[in-house]
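Scroll down for the structure; my scribbles are underneath it.
2 protein chains.
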Amino acid sequence: MTLTIWTYDWVPPPPRGHVRDIRLRWACEEAGLPYRIATVRFEDRTGPDHLARQPFAQVPALQDGDIQLFESGACLLHLAKRSESLMPGDAKGRAETLEWVIAGLNSVEMVSVPWWFIGLSSPPENPLEGWLTSRLARLDAVLATRDYLAANRFTVADLLMADILRVPKLRAALIDYPAIQAYLTRILDRPAFRKSLQDQLDHFATADAARAKG
Amino acid sequence: MTLTIWTYDWVPPPPRGHVRDIRLRWACEEAGLPYRIATVRFEDRTGPDHLARQPFAQVPALQDGDIQLFESGACLLHLAKRSESLMPGDAKGRAETLEWVIAGLNSVEMVSVPWWFIGLSSPPENPLEGWLTSRLARLDAVLATRDYLAANRFTVADLLMADILRVPKLRAALIDYPAIQAYLTRILDRPAFRKSLQDQLDHFATADAARAKG
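These protein sequences, in sequence, are chains A and B. Here the first sequence is numbered in the numbering used here, starting from 116 and rising by one per residue. Here the second sequence is numbered in the numbering used here, starting from 116 and rising by one per residue.
Structure (structure tokens):
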């Protein structure tokens, strides 16, 4: 059964390459799972049809037969059950993958996204700076001891963590964390990531062309 | 096999009742899963033994036989697989529970915890205020249509969301969101929550007494 990944038809240039459908594209590419892209008009994202699919008016959402899911983290864990290339089959490996997916979402991104958001208005001091650097220091200590977060191999936890860390402003802040930098370079060098990134950029470029034509 | 929930031996008064081991206590109480509490000295939380268990120096962690897990969200999803009182057995119900657990962690708490943290220093304006209220408005719209987040019944997603929302400062901000308020009252009225809260308060009160004795 072909999976359907929902994203916007178009977004303004700044978030292109970072819209979170890329996490699902990347997972499907890693696992060789066939998928198609479906879109909601950016201007209709707070309309009832999209809110029924994603109650916070965000993307992505995933359709897998009669299962519909929102939240990129939930979609990744769902996809991971379909392929051992995303998550090991043994209980210990699954537990490690799960804890590091949640650590990405709730220990790193819970600080890095609000830090990034506050930084958009260029305040003289970012009140989340100290908290962010303490989290990055802990993560750096972990990655100084191993190449992957979970189960001694690439998993969907690395895919998620790398996508969290590659946000340009955050990536610039990683200069003090050599183990994270080496890790990020290693994970982003995967062909499945590079294809997903290009596919997302192409998707929005095509939308520009269509909108220009009217 | 008895589960082990790791928490601190003692914490200063302000976070008592909100240390995240309560999420795991509550889940075990709901499911009737036997568990014991193990502790790390609060002063030793950044030591190597605890960092091996929880690389961000936080609690809780969970031991289930030879499986060890950190991150309360990961521990909840792990426990949920052990009891249908926490998560339905069918694929659709599991997907709904999963997406709402992740929504709690990454769409609500990703805003509410940094908002709370910034509020501790009482700035004239909280830069996350607008983002928080937009998330609460979306959640209120969902809860105006149903009693539980997932699968038309209580799940671990409600347990998590209620624990996120009951933080005192956030709870005070819920006055504009009647559906969330009614939901929170309903979920927190569960005997398993009330027992877990009392158990955590007793745990730290006992630690006070032991420390006073020296």
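Ideal Cβ placement from N, Cα and C applies to all residues, glycine included. Just so it is clear, the structure is predicted and the values come from calculations on it, not from any experiment.
Residue-level contact check: H165 of chain B does not touch chain A, since none of the beta carbons of chain A fall below 9 Å from its beta carbon. When Cβ-Cβ separations below 9 Å define contact, W121 of chain B makes no contact with chain A. The CB of G188 of chain A comes closer than 7 Å to the CB of I217, N221 in chain B, given here in chain order. The stretch 296 to 328 of chain A is shown to contain whole alpha helix (DSSP H) runs of 4 or more residues at 306 to 328, in chain order. The Cβ atoms of A146 of chain B and E214 of chain B lie no closer than 9 Å to each other. Within chain B, the C-beta atoms nearer than 7 Å to that of L243 of chain A come from P229, in chain order. Around the beta-carbon of N267 of chain B, fewer than 16 other beta-carbon atoms lie within 10 Å, marking it exposed. Under a 10 Å Cβ-count criterion, S187 of chain A is classified as buried, with 16 or more other Cβ atoms of the shown protein chains found around its own Cβ.
The bridge partners DSSP lists for W121 of chain A are A:A153, A:A176.
CA-to-CA, the gap between S200 of chain A and T270 of chain A works out to about 7 Å.
Taking 9 Å as the cut-off, the beta carbon of A256 of chain A is found no closer than this to the beta carbon of L184 of chain B. With 16 or more neighbouring CB atoms inside 10 Å of its own CB, E224 of chain A falls in the buried class. Residue pairing for Q183 of chain A: DSSP places it in a beta bridge opposite A:Q178. Nearest CB-CB separation between M116 of chain B and chain A: not below the 9 Å threshold. C-alpha of E158 of chain A to C-alpha of D205 of chain A: approximately 44 Å in a straight line.
Taking a cut-off of 8 Å on C-beta distances, the stretch 284 to 298 of chain B does not touch the stretch 296 to 316 of chain A, as fewer than three cross pairs fall below it. Burial check for R156 of chain A: the Cβ neighbour count within 10 Å stays below 16, so the residue is exposed.
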